[in-house]
Structure formats: structure tokens, C-alpha cells
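Engineer:
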Amino acid sequence: GENVEQHPSTLSVQEGDSAVIKCTYSDSASNYFPWYKQELGKRPQLIIDIRSNVGEKKDQRIAVTLNKTAKHFSLHITETQPEDSAVYFCAALSGTYKYIFGTGTRLKVLA
Amino acid sequence: DAGITQSPRYKITETGRQVTLMCHQTWSHSYMFWYRQDLGHGLRLIYYSAAADITDKGEVPDGYVVSRSKTENFPLTLESATRSQTSVYFCASSDGTGELFFGEGSRLTVL
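As they're listed, the protein sequences go chains F and V. Position one of the first sequence corresponds to residue 61 (our numbering), numbered consecutively onward. Position one of the second sequence corresponds to residue 53 (our numbering), numbered consecutively onward.
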């Protein structure tokens, strides 16, 4: 069946450094790729998303890139801060309801 | 603007008991979802609904029942709770164009 692979499962970076999380999807019909941030004990919240007709999208320190040919998309966080520490989930959507989530990346930003 | 709310937020029950988790959204979103979140598995879809009176199974539906008599409500029932159903349950909704909005989560412990 369809799946989304996410790497790495844990990532530690020094404050101020960049962090990159990568996802690979299998369903070629996927057309929407959101990234969710989940702080400890909280709900997942959307931080950035990209649609299949766009290759890159930026929002301040966060960017997402999409390579449809390779079925890869990545989250880039620059100038990391302690408040960026959380679990990040990627997802791929096919149609209107078929969301497939990655297994998450625990990011630790070390002060 | 209440958004999407879940109740109860925390529940402890015993094996064999029936438990119902409630989910209510105020946006009139067509799509509603129930996910469970367990360490190492990310978010797994239990059931989803495309509209009132339309529901369908997700990845892990066994042991769960849902109903959707009104657009705004999507309760999840564990008919006879088992210890393997100890988890954090998230309800979510979407208008079908992309972003999933999650509730705060319900932490269920089955003893």
C-alpha cells in the first residue's frame, strides 16, 4: 500500500544551525504535502505545506522543497531556536481525504 | 471560535468496558477523521467520514465503531476496550482542500 518514509527519526542540532528532514512518498497521485509540528502533549499543527505544482515554498525560517520526479520532499529550518524542539510529521495527500503520515522526527535544538 | 474539540481529554477504563470519545467541530467541514498516535507508529487512521452518514475504515479499524449523524459530531466508540487500545486519540477535520485541523487529543488508558 501507499506509504511515506521519513528520516531521520531523531535529529539534534546546535542552536543557530540548520535542520533538514526528508520524506519520500509512494503514491504518484499525491498532490499536497503538509508538515506538522507537535510539541510535547499538544496537537499536531500545520507549519508549512506545498502543492504538487510548486517546487519550493518559504515562510521566514522554514522552507519546504518538492521533487515530484523523485517523490521526495524536505523540510528545512534555518537558524534553529530552542522553541523549534518538537516532533515534526510529514504527510502526503491523495484526493480529498487520503492522508498518509510519516512516522515523525524528534528534533532537539541544543542551546 | 471553538474550532475542533474533543472530550474527554483523559480517560482511564478497564478491559472490556465500552468507551466513547467525542469530537465536535464548528467549521462545517465535510471530512472528519480519527487517528491514534503511538510511539514508533506516528499517526494511524482508524476511521474517516466524508459527510454525515458516510463513514469508512482506515488503517486500524478493528475494535472501533464510529457514527456521524450530524456534520459537526464524529464520536468514536471502543465497544470492549483492550489494553492494546491504550493510546492518544486525535480527531481531525478538513474541508477537502488540504489542511487537517486536529483536536487537542484524548489520552486513553485501558487497565
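Every residue gets a Cβ at the ideal spot worked out from N, C-alpha and C, and that includes glycine.
Could you tell me the boundaries of the beta strand (DSSP E) in which Ser67 of chain F lies?
Structural biologist: Just to set this straight, residue 67 of chain F is His in the shown sequence, not Ser. That run of the beta strand (DSSP E) goes 64 to 67.
Engineer: Spatial neighbours of Ile110 of chain F within its chain, please: CB distance less than 6 Å, with the 5 preceding and 5 following residues excluded, ordered by chain position.
Structural biologist: Hits under 6 Å: Phe93, Lys117, Val124, Leu126.
Engineer: Taking buried to mean at least 16 other C-beta atoms within 10 Å of its own C-beta, is Gly115 of chain F buried or exposed?
Structural biologist: exposed
Engineer: Quick one: which residues of the region 75 to 99 of chain V get their C-beta closer than 9 Å to a C-beta of chain F? List them in chain order.
Structural biologist: Ser82, Tyr83, Phe85, Tyr87, Gln89, Gly92, His93, Gly94, Leu95, Arg96, Leu97
Engineer: Could you name the residues of the region 105 to 118 of chain V whose beta carbon sits closer than 8 Å to any beta carbon of chain F, in the order they occur along the chain?
Structural biologist: none
Engineer: Sort V:Lys122, V:Gly148, V:Val117, V:Leu152 by Cα distance to Leu73 of chain V and report the nearest one.
Structural biologist: Out of V:Lys122, V:Gly148, V:Val117, V:Leu152, V:Val117 has the C-alpha closest to the C-alpha of Leu73 of chain V.
Engineer: What's the gap between the Cα of Thr179 of chain F and the Cα of Ile108 of chain F?
Structural biologist: Outside the displayed range of chain F (61 to 171) lies residue 179 of chain F, so it cannot be described from this structure.
Engineer: Nearest to Lys131 of chain F by alpha carbon, out of F:Ser90, F:Gly76, F:Val73, F:Arg121?
Structural biologist: F:Ser90
Engineer: Using the beta-carbon of each residue, which ones in chain F are nearer than 8 Å to Gly150 of chain V?
Structural biologist: When 8 Å is used as the limit between beta carbons, Gly150 of chain V is near these residues of chain F: Tyr92, Pro94, Asp109, Arg111, Leu153, in chain order.
Engineer: Anyone know if the C-beta pair for Thr163 of chain F and Ser69 of chain F falls short of 9 Å?
Structural biologist: yes
Engineer: Residues in its own chain within less than 6 Å of Ala81 of chain F by CB, not counting five upstream and five downstream?
Structural biologist: The sequence given here has Ile at residue 81 of chain F, not Ala. Taken in chain order, the residues that qualify are Leu135, Tyr148, Thr165.
Engineer: Classify Pro60 of chain V: buried if its beta carbon has 16 or more other beta carbons within 10 angstroms, exposed otherwise.
Structural biologist: exposed
Engineer: Below 8 Å CB to CB, which residues in the same chain sit around Asp105 of chain V once its five sequence neighbours on both sides are set aside?
Structural biologist: Arg120, Ser121
Engineer: Hey, would you say Gly157 of chain V sits closer than 9 Å to Gln89 of chain V, going by beta carbons?
Structural biologist: Going by C-beta atoms, Gly157 of chain V is nearer than 9 Å to Gln89 of chain V.
Engineer: What did DSSP end up calling Glu143 of chain F once you bin it into helix, strand or coil?
Structural biologist: helix
Engineer: Measuring alpha carbon to alpha carbon, tell me which of V:Val162, V:Arg159, V:Asp147, V:Phe153 ends up nearest Ser80 of chain V.
Structural biologist: Of V:Val162, V:Arg159, V:Asp147, V:Phe153, the residue nearest in Cα terms is V:Asp147.
Engineer: Buried or exposed for Tyr62 of chain V, please, with buried defined as at least 16 other CB atoms from any protein chain shown within 10 angstroms of its CB.
Structural biologist: exposed
Engineer: Mind checking if Lys102 of chain F is an interface residue toward chain V, Cβ cutoff 9 Å exclusive?
Structural biologist: yes
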